[in-house]
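479 is the number that my numbering gives the last residue of the sequence shown; the numbers go up by one with no jumps.
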Amino acid sequence: MSTPYSPDQQPHTPSMAQRGYALPSTPGAGQRPDEPIVITPAEGEVDSLETTTEAASAPKRAEPARQRHLAGVSNLADTAGRRASRLSAAAKKKSGGLGRGRSKRKQSAPAQTPGIGVYQPPIQPSPVPSRPDSAQTPRRRRKGQREDIMVPPVKFSSYYGRNIVKPAPWKSEIPSYLYLGGLAAGSALVAAGGEMTGRTQLQRNSRLIALAALGGSTGALVKDLGKPSRFLNMLRTVKLTSPMSIGSWILSGFGAFSAVAAFSEVMHYVLPEDVPGAAFWPVGDRMASLGAGAFAAPLAAYTSVLLSDTATPTWHGAYRQMPFVFVGSALAAAGGAAMAVTDPSETAPARRMAVGGAILEYGAFELMERALGVCAEPLHDDKPDVFLRTAKAMTLGGAALAAVGGGRRPLAVAAGLALNIGSALTRFGIFEAGMISARDPKYTVLPQRERLEQRRRDAELAGRSGATTSGSV
């Protein structure tokens, strides 16, 4: 077993040239610079090469670890140098093609000696400057600063452009039904008053007006429903929580008594006076008048409940004042109709009822407009505003004519027409305003916020009053 040599006592190893190898100085034709160089021994030197290899194998096995380490580092340096050279040439080629005004001619890579490379460390990207600490940390709201200052103005919109409240699928038949129903109810009251006071002409005309208006109202309702069987289906049950169900029964009861009263008026002119049972005729006549009058007031108010019981903002917000508006309008229309077709000598009660109904309608409408708040804006929109302004002028003008010149037939006819036009336009104006409020989400959201804020203030006030009471005790 041989002892390993120290670094200072290593044996002399002949060089490659001394051993007879042919070392090419430059790469051959068709050979790339980074290809490995094949070293071939000279002719006639194969025996010496084998001898030299066997002689050098023993000291190579005893080569120190430091020499092997240096050889490995040299190989790594050569590989890294060649790789860095290729990357540098590619980068120069790319930058030369992108710059404006630069030459697009390819630049030749620097020649390198085969097998020998210059190590170039890879280019490290420059570090991105970090954000300041003030930008990384979230901003804190200053003490006492209001959050709503940064909130943009509210722009009301709805989900996918749809309405928050679906507008009622009603058309002009419904306001016509409301007007004719109120006219029928008011005319029944005028007929009942004429029957009790002995005004036969006023009684007869008012009964016929009530029956005709009832027929027109029922026809408009059936047209809106689509077919008569749907109206009959509503009479199969009685649902106290449904205005439509209750209204259908009110309309049916009023229609029955009004038909009997009108039939009685016709029979007075058809049947002879000595017909059997003529003594009981006045009793039946009185019962028909009282029955129609009993259903007249609910019928006039029911038409307003039909609107205010919906989710439409303007209609629902006026559920306290709208019944008075509709009842006053019905009285004014019925009084005006009686004045237009009856001799002025018998229309004194009708004139007073027309004037009183107009005053009630005007006062209740003003209170309704104030109570609605923001939901009163649709009343002043284009179409409703025209309707309601004209209705107010016609109603007040008709009432003034009835009060001043109701005893004269031409003025009484003009007053009656003006009152009926005003009553009809009031229904149409309120109807159109409700449809507008249903299409705009503003009139649904703002009243809800106002109610929530009012409840919060009431709760705070109740809490303060409770604390004050407990403290005093």
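Glycine residues also receive a C-beta, built at the ideal position from the N, C-alpha and C atoms. Remember, it's a predicted structure, so these values are computed and weren't measured experimentally.
Indicate the three-state DSSP secondary structure (helix, strand or coil) for Pro304 in the structure shown. The residue given as residue 304 occupies position 298 in the sequence shown. Of the three classes helix, strand and coil, the one that applies to Pro304 here is helix, per DSSP.
Where do the ends of the alpha helix (DSSP H) carrying Leu425 lie? As a first step, residue 425 must be located in the sequence shown, where it is residue number 419. Per DSSP, Leu425 belongs to the alpha helix (DSSP H) from Arg415 to Arg445.
Classification of Ser223 by the beta-carbon crowding that lies within 10 angstroms, buried from 16 upward: Indexing the sequence shown from 1 puts residue 223 at position 217. Counting Cβ neighbours within 10 Å, Ser223 comes out buried, since at least 16 surround it.
Could you give the DSSP three-state label for Asn169: helix, strand or coil? Counting from one through the sequence shown, the residue named residue 169 turns up at place 163. Look at Asn169 here: in three-state DSSP terms it is coil, with no helix or strand label.
Among residues of its own chain, excluding the 5 on either side of Glu201, which ones have a beta-carbon nearer than 6 Å to its beta-carbon? For the purposes of this step, residue 201 is taken as the residue at position 195 of the sequence shown. Result list for Glu201: Gln209 and Ser295, in chain order.
For Phe330, I'd like the list of residues in its chain whose CB is within less than 7 Å of its CB, leaving aside the five on either flank, ordered along the chain. The sequence position of residue 330 within the sequence shown is 324, counting from 1. Apart from sequence neighbours up to five positions away, the residues of its chain that approach Phe330 with a beta-carbon distance below 7 Å are Leu366 and Ala370, ordered along the chain.
Shortest alpha-carbon distance to Val361 belongs to which of Ala418, Thr318, Leu93 and Arg326? Counting from 1 along the sequence shown, the entry for residue 361 is found at position 355. Ranking Ala418, Thr318, Leu93 and Arg326 by Cα distance to Val361 puts Ala418 first.
Using a Cβ distance threshold of 8 Å, determine whether the stretch 429-441 contacts the stretch 389-409, with at least three qualifying pairs required. Contact between the stretch 429-441 and the stretch 389-409 is present: 3 or more CB-CB pairs across the two stretches fall below 8 Å.
Given Asn426 as reference, the closest of Ala339, Tyr275, Phe260 and Arg357 once Cα atoms are compared: Within the sequence shown, residue 426 is the residue found at index 420, counting from 1. The shortest C-alpha separation from Asn426 is found at Ala339.
Report yes or no: do three or more beta-carbon pairs, one from the stretch 335-352 and one from the stretch 179-199, lie closer than 8 Å? Taking a cut-off of 8 Å on C-beta distances, the stretch 335-352 touches the stretch 179-199, as three or more cross pairs fall below it.
For Val196, report the span of its alpha helix (DSSP H) as first-last. As a first step, residue 196 must be located in the sequence shown, where it is residue number 190. Note, Val196: alpha helix (DSSP H), Glu179 to Thr203.
When you compare only the Cα positions, how much space is there between Asn211 and Ala382? Working through the sequence shown from its first residue, we reach residue 211 at position 205. Working through the sequence shown from its first residue, we reach residue 382 at position 376. A direct Cα-Cα distance of roughly 38 Å separates Asn211 from Ala382.
Between Phe237 and Ser254, is the Cβ-Cβ spacing less than 9 Å? As a position in the sequence shown, residue 237 is number 231, starting the count at 1. As a position in the sequence shown, residue 254 is number 248, starting the count at 1. With respect to the 9 Å criterion, Phe237 and Ser254 are classified as neighbours on the basis of their beta carbons.
Classify Ser471 as buried or exposed, calling it buried when 16 or more other Cβ atoms lie within 10 Å of its own Cβ. On the sequence shown, position 465 is the one that residue 471 refers to. That one is exposed.
Could you give the first and the last residue of the continuous alpha helix (DSSP H) run that contains His386? Your numbering for residue 386 matches position 380 in the sequence shown. Neither: His386 is in no alpha helix (DSSP H) and is coded neither H nor E.
Does DSSP put Arg242 in a helix, in a strand, or in coil? Translated into positions along the sequence shown, residue 242 becomes position 236. When secondary structure is reduced to three states using DSSP, Arg242 falls in the coil class, being assigned neither helix nor strand.
Kindly provide the ranges of any alpha helix (DSSP H) runs that are 4 or more residues long and lie completely inside the stretch 216-292, ordered along the chain. With a minimum length of 4 residues, the continuous alpha helix (DSSP H) runs that stay inside the stretch 216-292 are 234-239 and 249-276.
Excluding the 5 residues flanking Gly403 on each side, which residues of the same chain have their C-beta closer than 6 Å to its C-beta? What you label residue 403 is simply residue 397 of the sequence shown in a count that begins at 1. Excluding positions up to five away in sequence, the list reads Ala424.
Extract the residue ranges of the beta strand (DSSP E) inside the stretch 334-377, only unbroken runs of 3 or more that lie entirely within it. Those beta strand (DSSP E) runs which fall completely within the stretch 334-377 and span 3+ residues do not exist here.
Helix, strand or coil, according to DSSP, for Ala324 in the structure here? The sequence position of residue 324 within the sequence shown is 318, counting from 1. It is coil, neither helix nor strand.
Could you pull out every residue in the same chain whose Cβ sits closer than 7 Å to the Cβ of Ala468, ignoring the five residues on either side in sequence? One-based indexing of the sequence shown puts residue 468 at position 462. No residues qualify anywhere along the chain.
Contact set for Ile215: own chain, Cβ-Cβ below 6 Å, skip 5 residues either direction: Mapped onto the sequence shown, residue 215 falls at position 209. The beta carbon of Ile215 sits closer than 6 Å to the beta carbons of Ser193 and Ala343 from its chain, once the five residues preceding and following it are set aside; these are given in chain order.
Is the CB-CB distance between Ser178 and Phe393 below 9 Å? Here residue 178 is taken as the residue at index 172 of the sequence shown, counted from 1. Here residue 393 is taken as the residue at index 387 of the sequence shown, counted from 1. Contact: no.
Count the other CB atoms within 10 Å of the CB of Asp291; is the residue buried (16 or more) or exposed (fewer)? Counted from its first residue, the sequence shown places residue 291 at position 285. Counting of Cβ neighbours within 10 angstroms places Asp291 among the buried residues, the total reaching 16 or more.
Confirm, please, whether the CB-CB distance from Phe260 to Phe286 is below 9 Å. Residue numbering aside, residue 286 sits at position 280 when the sequence shown is read from its first letter. Residue numbering aside, residue 260 sits at position 254 when the sequence shown is read from its first letter. No.
Around the C-beta of Lys398, are 16 or more other C-beta atoms found within 10 angstroms, so that it is buried, or is it exposed? Residue mapping note: residue 398 aligns to position 392 of the sequence shown, counting from 1. Its Cβ being crowded by 16 or more others within 10 Å, Lys398 is buried.
Taking the beta carbon of Leu246 as the centre, do at least 16 other beta carbons fall within 10 Å, making it buried, or is it exposed? Mapped onto the sequence shown, residue 246 falls at position 240. Its Cβ having fewer than 16 others within 10 Å, Leu246 is exposed.
Just tell me which of Leu458, Glu352, Ser351 and Leu217 has its CA closest to the CA of Val272. Along the sequence shown, read from residue 1 onward, the residue named residue 272 stands at position 266. Residue Leu217 holds the alpha-carbon nearest to the alpha-carbon of Val272 among Leu458, Glu352, Ser351 and Leu217.
If you reduce the DSSP assignment to three classes, tell me which class Pro485 lands in. Residue 485 lies beyond the range of the chain shown here (7 to 479); nothing can be said about it.
Assumed close pair Val171, Ala317 - CB separation to whole angstroms, cut-off 8 Å: Here the question's residue 171 lines up with position 165 in the sequence shown. Here the question's residue 317 lines up with position 311 in the sequence shown. Their Cβ separation, rounded to whole angstroms, is 5 Å, which keeps Val171 and Ala317 in contact under 8 Å.
Comparing C-alpha positions only, which one of Ala356, Ala303 and Trp321 sits nearest to Ala377? Here residue 377 refers to the residue found at position 371 when the sequence shown is read from its first residue. When the alpha-carbon of Ala377 is set against those of Ala356, Ala303 and Trp321, the nearest one is in Trp321.
Val333, buried or exposed, once every other Cβ within 10 Å from all chains shown has been counted against 16: Your numbering for residue 333 matches position 327 in the sequence shown. Answer is buried; the Cβ neighbour count reaches 16.
I'd like the list of long-range same chain contacts for Met400, defined as Cβ closer than 8 Å, with 5 residues on each side in sequence excluded. Along the sequence shown, one-based indexing puts residue 400 at 394. Scanning its chain for C-beta atoms nearer than 8 Å, with the 5 sequence neighbours on each side dropped, one finds around Met400 the residues Ala424, Leu425, Ile427, Gly428 and Leu431, in chain order.
By the 10 Å Cβ neighbour count, where 16 or more other Cβ atoms means buried, how is Thr353 classified, buried or exposed? As a first step, residue 353 is located in the sequence shown; it is residue number 347 there, counting from the start. When all chains shown are included, Thr353 counts as buried.
Reference Ala307, options Gly412, Val380 and Ile252, closest by Cα: Residue numbering aside, residue 307 sits at position 301 when the sequence shown is read from its first letter. A check of alpha carbon separations from Ala307 across Gly412, Val380 and Ile252 identifies Ile252 as the nearest.
Reference Ala262, options Ala298, Ala197 and Arg461, closest by Cα: For the purposes of this step, residue 262 is taken as the residue at position 256 of the sequence shown. Nearest C-alpha to Ala262: Ala298.
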